[in-house]
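Take the position in the sequence shown, starting the count at 1, then add 743; the result is the number in this note's numbering.
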Amino acid sequence: MFIKKNTPAVILAPMEGVTDAPMRAFLTRTGYYDYCVSEFIRVSENALGPKIFNKHVPELNHSARTSSGTPVQVQILGGDPEKLARSAISAIEAGAMGIDLNFGCPAPTVNRHDGGATLLKYPHRIEAIVRAVRDAVPSSYPVSAKLRLGFDDPSVIEENARRAEQGGASWIAIHGRTKTQGYTPPAYWLPIGKAAKNVSIPVIANGEIWTIDDFKRCRDETGCIHFMIGRGALALPNLAREIRKELGITPVSTPDPLQFPENTNAQAWGKIFEAFAELQPSSKRIKQWTRYLVSKQKTEWWDEIKSLESTSEILIRLKQFQENQSSA
């Protein structure tokens, strides 16, 4: 359903506050992603019940798929094996098709409360958590793990990868930076490749894949055939399509396919944002997306919309901007 060892795949990464349900629904309409992963759901004082998962991952109410039919895997985060195991059972009861365990979040608040990347300092705990969830969840449901290279020492990734495998992980995704490196470039892909050679389960490469050339270098350095795309999915929205071409895999069939413009034409992007606003009527989310576009592309109309308060104002201004450019 999600990952097959010898079949290439492109996955939409979980990004807190970015790839929420509306964004997942919108981006998967392209057919560029084999599956996507939910934003993490934190398990702290108590195990979570099914209602929590239905609330935070609304796709569970629709066979754990986006409106385009793309599978959504549920990601949970925490440090207590028993609570995570019980929560994973609840997620399955709510409709989840698979569980992903977050050992990569670098947020200080999360790390101070025994979650995310802080667990990378304790390989035995990674194994114990994966094993507890794997033993709790029926064998037909995959259990995977998202790792970073380490907390502050990238050399531990090989042991942590082996520990996740020993715990029963179906596959692992590895972000090519340590917790202390955060999201500061560059990502280090070679350690991902070394870790992949030391486990028998599939490894998904992740981190700093912004362009097709980045992808090619990542593929060469890791030897991986599975790739997880995060911020690059918003900065260059057709990037996943080009990666699929390089991997020799066609887009996934979708009932209402979406095509992104090949350039930063204001009117074309106005139409994209108008369609997105039907799912997420928030000017903040549109401007958030535009910031990613600006990070990698020349987007002249950013200055025209960044101070606007409403979605309708943004859409009108984009149309006006394009008309002015055309008549100039």
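The beta-carbon is built from N, C-alpha and C at its ideal position, and this holds for glycine as well.
With DSSP collapsed to three states, give me the class of residue i.
{"i": "N854", "result": "helix"}
{"i": "K889", "result": "strand"}
{"i": "I968", "result": "coil"}
{"i": "Y1035", "result": "helix"}
{"i": "N749", "result": "coil"}
{"i": "D843", "result": "strand"}
{"i": "I992", "result": "coil"}
{"i": "R984", "result": "helix"}
{"i": "R868", "result": "helix"}
{"i": "R1028", "result": "helix"}
{"i": "N1008", "result": "coil"}
{"i": "A930", "result": "coil"}
{"i": "N941", "result": "coil"}
{"i": "L979", "result": "coil"}
{"i": "Q924", "result": "coil"}
{"i": "T773", "result": "helix"}
{"i": "F1003", "result": "coil"}
{"i": "W1044", "result": "coil"}
{"i": "R767", "result": "helix"}
{"i": "P801", "result": "helix"}
{"i": "Q1068", "result": "helix"}
{"i": "L863", "result": "helix"}
{"i": "L791", "result": "coil"}
Look at the alpha carbon of residue i and the alpha carbon of residue j, and state the distance between them as a whole number of angstroms.
{"i": "T771", "j": "S811", "result": "6 Å"}
{"i": "L862", "j": "E1066", "result": "53 Å"}
{"i": "A938", "j": "K864", "result": "16 Å"}
{"i": "P994", "j": "P849", "result": "32 Å"}
{"i": "T921", "j": "E902", "result": "14 Å"}
{"i": "S833", "j": "E825", "result": "13 Å"}
{"i": "W1045", "j": "I955", "result": "24 Å"}
{"i": "E1043", "j": "S1053", "result": "19 Å"}
{"i": "L827", "j": "V886", "result": "12 Å"}
{"i": "P814", "j": "E1056", "result": "34 Å"}
{"i": "D878", "j": "A1020", "result": "42 Å"}
{"i": "A837", "j": "I819", "result": "14 Å"}
{"i": "S1038", "j": "I944", "result": "35 Å"}
{"i": "D823", "j": "M744", "result": "28 Å"}
{"i": "F1003", "j": "S1069", "result": "21 Å"}
{"i": "A764", "j": "W953", "result": "22 Å"}
{"i": "E985", "j": "K1041", "result": "20 Å"}
{"i": "R905", "j": "A912", "result": "10 Å"}
{"i": "I1029", "j": "A907", "result": "37 Å"}
{"i": "P866", "j": "G893", "result": "10 Å"}
{"i": "A839", "j": "A871", "result": "22 Å"}
{"i": "N854", "j": "Q816", "result": "23 Å"}
{"i": "V800", "j": "R987", "result": "26 Å"}
{"i": "L1058", "j": "T1007", "result": "14 Å"}
{"i": "T809", "j": "A752", "result": "17 Å"}
{"i": "W1012", "j": "P980", "result": "11 Å"}
{"i": "G841", "j": "Y884", "result": "5 Å"}
{"i": "R829", "j": "A930", "result": "34 Å"}
{"i": "T923", "j": "I900", "result": "14 Å"}
{"i": "D895", "j": "A978", "result": "28 Å"}
What does the Cβ neighbour count give for residue i, buried or exposed, with the cut at 16 atoms within 10 Å?
{"i": "S1050", "result": "exposed"}
{"i": "G774", "result": "buried"}
{"i": "R1034", "result": "exposed"}
{"i": "P851", "result": "exposed"}
{"i": "T927", "result": "exposed"}
{"i": "G910", "result": "buried"}
{"i": "K889", "result": "buried"}
{"i": "N949", "result": "buried"}
{"i": "T750", "result": "exposed"}
{"i": "H918", "result": "buried"}
{"i": "D843", "result": "buried"}
{"i": "P757", "result": "buried"}
{"i": "N941", "result": "exposed"}
{"i": "N789", "result": "exposed"}
{"i": "N804", "result": "exposed"}
{"i": "L706", "result": "There is no way to answer for residue 706, as the model of the chain reaches only from 744 to 1071."}
{"i": "D957", "result": "buried"}
Give me the Cβ distance between residue i and residue j, rounded to the nearest whole Å; I'm assuming they're in contact under 8 Å.
{"i": "A983", "j": "I968", "result": "About 15 Å separates the two Cβ atoms, so there is no contact after all."}
{"i": "T965", "j": "I992", "result": "In fact, because the Cβ distance is near 17 Å, the residues do not count as touching under 8 Å."}
{"i": "G847", "j": "A860", "result": "6 Å"}
{"i": "R960", "j": "G858", "result": "With a Cβ gap of about 32 Å, R960 and G858 do not count as contacting."}
{"i": "A1009", "j": "L1061", "result": "5 Å"}
{"i": "V880", "j": "I835", "result": "6 Å"}
{"i": "A916", "j": "I869", "result": "Not a contact, Cβ separation roughly 14 Å."}
Taking DSSP's pairing of strands, which residues face residue i in a bridge?
{"i": "A916", "result": "K889, I947"}
{"i": "C779", "result": "L755, V815"}
{"i": "R1082", "result": "Only positions 744 to 1071 of the chain appear in the structure, and residue 1082 is not among them; the question remains open."}
{"i": "R960", "result": "In the DSSP output, where bridge partners are listed per residue, R960 has none listed."}
{"i": "R905", "result": "According to DSSP, which records beta bridges pairwise, R905 is partnered with nothing at all."}
{"i": "R829", "result": "For R829, which the question treats as bridged, DSSP gives no partner whatsoever."}
{"i": "N877", "result": "The residue asked about is misnamed: residue 877 is Arg in this sequence, not Asn. Note: R877 sits in no beta bridge, so no partner."}
{"i": "R808", "result": "P814"}
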